[in-house]
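Novice:
Protein chains: 2
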Amino acid sequence: MLSKNQTKFITSLGKKKYRNESQLFIVEGVKVVQEFLLSAIELDSLFCTEDVEASYLEYHPEIITEKELSKISNLSSSNKVLGIFKIPKPKKIKAKGLILALDNINDPGNLGTIIRLCDWFGIKQIVCTPKTVDAYNSKVVQSSMGSLSRISIQYLDVEKFLKETSLPIYGAVMDGKPIHTVKTNQNSILVMGSESHGISNNIIDLILHKITIPKHKASVEIDSLNVATATAILLYEFSM
Amino acid sequence: MLSKNQTKFITSLGKKKYRNESQLFIVEGVKVVQEFLLSAIELDSLFCTEDVEASYLEYHPEIITEKELSKISNLSSSNKVLGIFKIPKPKKIKAKGLILALDNINDPGNLGTIIRLCDWFGIKQIVCTPKTVDAYNSKVVQSSMGSLSRISIQYLDVEKFLKETSLPIYGAVMDGKPIHTVKTNQNSILVMGSESHGISNNIIDLILHKITIPKHKASVEIDSLNVATATAILLYEFSM
């Protein structure tokens, strides 16, 4: 049974401010919780309904009712189990492999999709501007489907980071070179901006290789691709 | 001012059943409505708030209050204008160019994103199984951002369609040939299934060219990509 204070604390983790204070975040649902339990991310506490208790005995779960679970859940239909995990401590960024830099991506579904893409293509490091949506937001956690547990994501001053790096910097813009004509480098940084605002002014000047995804010559009316799909195509090209 | 009956009718268009009966659908917001007004899709009626009336005079808008608009709007924050448009009549499918076949894609955001991708890559024809989410669902309309007005989308018996076509059939599967090693054909059909169920059993046997997006050799835990991002990468490869 959940106390009032527990309920209050867990629901507070829906807000970035309280996640930052406590350095904790929520993961929900049988499949996604399982992926986090098997990952390097540390568990703080686990809540599950009685019918699945047997699966989680080693994690000393607290048994709660469906009704209690739905109270603390961020999902439209809660699903058996909710884990509170510790936000991993930032690691030193290695100048190796492709690093994805996200400039003010604010849609949580897009960030979750991008994290899955990185997992697929073996990209281990994402850096984000502080205005990019929080990776421990529940929508990002759920849409990244466990990939979040395998990727290092850091919020930092991306402009400063780009100024200090020795890696070549690529960035997606509307009027860049078609990506298939550009020689890509295994060790580099790829900057993606939001689809409404593109890459910020303070960052765009730091990009040496401006690239673009060519559109069909007859497609004049459409002026941008969704940022997750654009990232998909570029990461695919970098992985080739 | 909206009558009760008008309000009731317009909100009924949120349901597929009533869209099918009336062959009408809703488009909202200044930008997206504008794209539809400039397209070949026929307007049935237009509702807007007084402050933007001047922009729509030629369409004989009905002026409504913000409050009335929010009542008939499907958006979390309604935006000045709502148009009711006629669902275009199905056209005969031409065996030319790449045709995208969608097998039970049920997320409206994914379908909207895929429609934008088709617009970007100059793909004019999409065929969908009847269980695929309705393209005139408001979430699809809004996330396709006007691209829906430029692409022909038809719901039909995809199995029968594939049996009768003379075009080569490609399909995305987990254990297909890596897409960059496969010769693609300008005139062909690409079948995409849902990420949870893949391509249906009755369709998979009709696919001659089974293709896949190679993942990084170390990425063992992740077992699928979001269908919109997978479609992005495959359409890009077909467009090259």
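Going down the list, the sequences are from chains A and B.
The first sequence finishes on residue 240 if you use the working numbering, and the numbering steps up by one all the way, no holes.
The second sequence finishes on residue 240 if you use the working numbering, and the numbering steps up by one all the way, no holes.
Glycine is no exception: its CB is placed at the ideal position from the N, C-alpha and C atoms.
DSSP on A/A54, reduced to helix/strand/coil?
Specialist: As a first step, residue 54 of chain A must be located in the first sequence, where it is residue number 54. DSSP places A/A54 in helix when its eight states are reduced to three.
Novice: Going by the DSSP bridge assignment, what does B/E62 pair with across the sheet?
Specialist: Position 62 of the second sequence, counted from the first residue, corresponds to residue 62 of chain B. In DSSP, B/E62 forms a bridge with B/F47.
Novice: Quick one: list the residues of chain B neighbouring A/E53, beta-carbon separation under 9 angstroms, in chain order.
Specialist: The count along the first sequence starts at 1 and reaches residue 53 of chain A at position 53. Under the 9 angstroms cutoff, chain B gives no residues; its nearest Cβ is about 25 angstroms from A/E53.
Novice: Straight-line CA distance for B/S194 to B/A228?
Specialist: Residue numbering aside, residue 194 of chain B sits at position 194 when the second sequence is read from its first letter. Residue numbering aside, residue 228 of chain B sits at position 228 when the second sequence is read from its first letter. Distance between the alpha carbons of B/S194 and B/A228: 10 angstroms.
Novice: May I ask you to list the residues that DSSP assigns as paired with B/S152?
Specialist: Position 152 of the second sequence, counted from the first residue, corresponds to residue 152 of chain B. According to DSSP, which records beta bridges pairwise, B/S152 is partnered with B/Q125.
Novice: Measure from the alpha carbon of B/I84 to the alpha carbon of each residue in B/I126, B/R19 and B/P178, then state which is nearest.
Specialist: Counting from 1 along the second sequence, the entry for residue 84 of chain B is found at position 84. Residue B/R19 is the option with its Cα nearest to B/I84.
Novice: Taking DSSP's pairing of strands, which residues face A/E28 in a bridge?
Specialist: By one-based count along the first sequence, residue 28 of chain A stands at place 28. Note: A/E28 sits in a beta bridge opposite A/L82.
Novice: Does the beta-carbon distance from B/N74 to B/K139 come in below 9 angstroms?
Specialist: Numbered from its first residue, the second sequence carries residue 74 of chain B at position 74. Numbered from its first residue, the second sequence carries residue 139 of chain B at position 139. Yes, the Cβ-Cβ distance between B/N74 and B/K139 is below 9 angstroms.
Novice: Can you list, in chain order, the residues of its chain whose CB lies under 7 angstroms from that of B/T113, leaving out five sequence neighbours each side?
Specialist: Mapped onto the second sequence, residue 113 of chain B falls at position 113. Closer than 7 angstroms at the Cβ level, and outside the excluded window around B/T113, lie S143 and A228.
Novice: So, with DSSP's three-state summary, where would you put B/A172?
Specialist: What you label residue 172 of chain B is simply residue 172 of the second sequence in a count that begins at 1. In the structure shown, B/A172 sits in a strand (DSSP, three-state: E or B).
Novice: How about B/Q23 and B/K71: are their beta carbons less than 9 angstroms apart?
Specialist: Mapped onto the second sequence, residue 23 of chain B falls at position 23. Mapped onto the second sequence, residue 71 of chain B falls at position 71. Going by C-beta atoms, B/Q23 is not nearer than 9 angstroms to B/K71.
Novice: What are the residues of the segment 117-129 of chain B that lie near chain A, defined by any Cβ-Cβ distance shorter than 7 angstroms?
Specialist: Listed in sequence order: L117, D119, W120, F121 and G122.
Novice: Give the interface partners of B/G14 over in chain A, defined as CB-CB distance under 7 angstroms, in chain order.
Specialist: In the second sequence, counting from the first residue as 1, residue 14 of chain B sits at position 14. Here the premise fails: no neighbours, minimum Cβ distance about 17 angstroms.
Novice: Any beta carbon from chain B within less than 9 angstroms of A/M145's own beta carbon?
Specialist: In the first sequence, the residue the question calls residue 145 of chain A occupies position 145. So, interface residue.
Novice: List the DSSP bridge partners of A/M192.
Specialist: Counting from one through the first sequence, the residue named residue 192 of chain A turns up at place 192. Looking at the DSSP assignment, A/M192 forms a beta bridge with A/L102.
Novice: Look up A/P178 in the DSSP assignment and give the residues it is bridged to.
Specialist: As a position in the first sequence, residue 178 of chain A is number 178, starting the count at 1. Its beta-bridge partners are A/T212.
Novice: Kindly give me the distance between the Cβ atoms of A/N79 and A/G14, rounded to whole angstroms, as I take these residues to be in contact under 8 angstroms.
Specialist: Here the question's residue 79 of chain A lines up with position 79 in the first sequence. Here the question's residue 14 of chain A lines up with position 14 in the first sequence. About 17 angstroms separates the two Cβ atoms, so there is no contact after all.
Novice: May I ask you to list the residues that DSSP assigns as paired with B/G198?
Specialist: Taking the second sequence and counting its residues from 1, the one referred to as residue 198 of chain B is at position 198. Paired residue(s): B/S194.
Novice: Who are the near neighbours of A/L235 in its chain, counting only those whose CB is closer than 6 angstroms to its CB and skipping five residues on each side?
Specialist: As a working mapping, residue 235 of chain A is identified with position 235 in the first sequence. Same-chain partners within the cutoff: L117 and F121.
Novice: Taking A/S219 as the query, report the chain B residues whose CB atoms sit under 7 angstroms from its CB, ordered along the chain.
Specialist: Your numbering for residue 219 of chain A matches position 219 in the first sequence. Within 7 angstroms Cβ-Cβ: D119, W120 and G122.
Novice: Around the C-beta of A/M192, are 16 or more other C-beta atoms found within 10 angstroms, so that it is buried, or is it exposed?
Specialist: The count along the first sequence starts at 1 and reaches residue 192 of chain A at position 192. Under this definition A/M192 is a buried residue.
Novice: If you count every other CB in all the chains shown that lies within 10 Å of the CB of B/P178, and 16 or more means buried, which is it?
Specialist: To locate residue 178 of chain B, count along the second sequence from 1; it is residue 178. So B/P178 ends up on the exposed side.
Novice: Mind checking if A/I222 is an interface residue toward chain B, Cβ cutoff 9 angstroms exclusive?
Specialist: Taking the first residue of the first sequence as 1, we reach residue 222 of chain A at position 222. Cβ-Cβ to chain B under 9 angstroms: yes for A/I222.
Novice: What does the Cβ neighbour count give for A/P61, buried or exposed, with the cut at 16 atoms within 10 Å?
Specialist: In the first sequence, counting from the first residue as 1, residue 61 of chain A sits at position 61. Flag for A/P61 reads buried.
Novice: For B/V52, which option in B/A218, B/D103 and B/V33 has the closest C-alpha, if you only look at C-alpha atoms?
Specialist: On the second sequence, position 52 is the one that residue 52 of chain B refers to. When only C-alpha atoms are compared, the closest one is B/V33.
Novice: To which residues of the same chain is B/I153 closer than 6 angstroms at the C-beta, ignoring the five residues directly before and after it?
Specialist: The residue given as residue 153 of chain B occupies position 153 in the second sequence. Answer for B/I153: I126 and A135, listed in chain order.
Novice: With DSSP run on the structure shown, which of helix, strand or coil describes B/S12?
Specialist: For this step, residue 12 of chain B is matched to residue 12 along the second sequence. B/S12 falls in the helix class under three-state DSSP.
Novice: For the segment 96-113 of chain B, which residues have a beta carbon sitting closer than 8 angstroms to at least one beta carbon of chain A?
Specialist: Listed by position along the chain: G109 and T113.
Novice: Give me the residue from B/L46, B/E21, B/V158 and B/E237 with the minimum Cα distance to B/L2.
Specialist: Taking the first residue of the second sequence as 1, we reach residue 2 of chain B at position 2. Closest by alpha carbon: B/L46.
Novice: Against chain A, does B/A135 count as a neighbour if the rule is that its beta carbon must be under 9 angstroms from one of theirs?
Specialist: For the purposes of this step, residue 135 of chain B is identified with residue 135 of the second sequence, where counting begins at 1. No - not a single Cβ of chain A is within 9 angstroms of the one on B/A135.
Novice: Count the C-beta pairs between the segment 92-110 of chain A and the segment 217-232 of chain A that are closer than 8 angstroms, then say yes if the count reaches three, no if not.
Specialist: The answer is yes - the segment 217-232 of chain A touches the segment 92-110 of chain A, with three or more Cβ pairs under 8 angstroms.
Novice: Just to confirm, are B/I99 and B/I93 a CB contact at a threshold of 9 angstroms?
Specialist: Mapped onto the second sequence, residue 99 of chain B falls at position 99. Mapped onto the second sequence, residue 93 of chain B falls at position 93. Closer than 9 angstroms, so yes.
Novice: For B/I207, which of helix, strand or coil comes out of DSSP?
Specialist: In the second sequence, the residue the question calls residue 207 of chain B occupies position 207. Looking at B/I207 - three-state DSSP - the assignment turns out to be coil, as it is neither helix nor strand.
Novice: Applying a beta-carbon distance threshold of less than 8 angstroms, which residues of chain A neighbour B/I213?
Specialist: Start at 1 with the first residue of the second sequence, and residue 213 of chain B comes out as number 213. The contacting residues are W120 and Y236.
Novice: Using the Cβ count rule (16 or more neighbours within 10 Å means buried), how would you classify B/M174?
Specialist: Position 174 of the second sequence holds residue 174 of chain B. Its Cβ having fewer than 16 others within 10 Å, B/M174 is exposed.
Novice: Who are the Cβ neighbours of A/S239 in its own chain at under 7 angstroms, not counting the five residues just before and after it?
Specialist: Your numbering for residue 239 of chain A matches position 239 in the first sequence. Here the set comprises F121.
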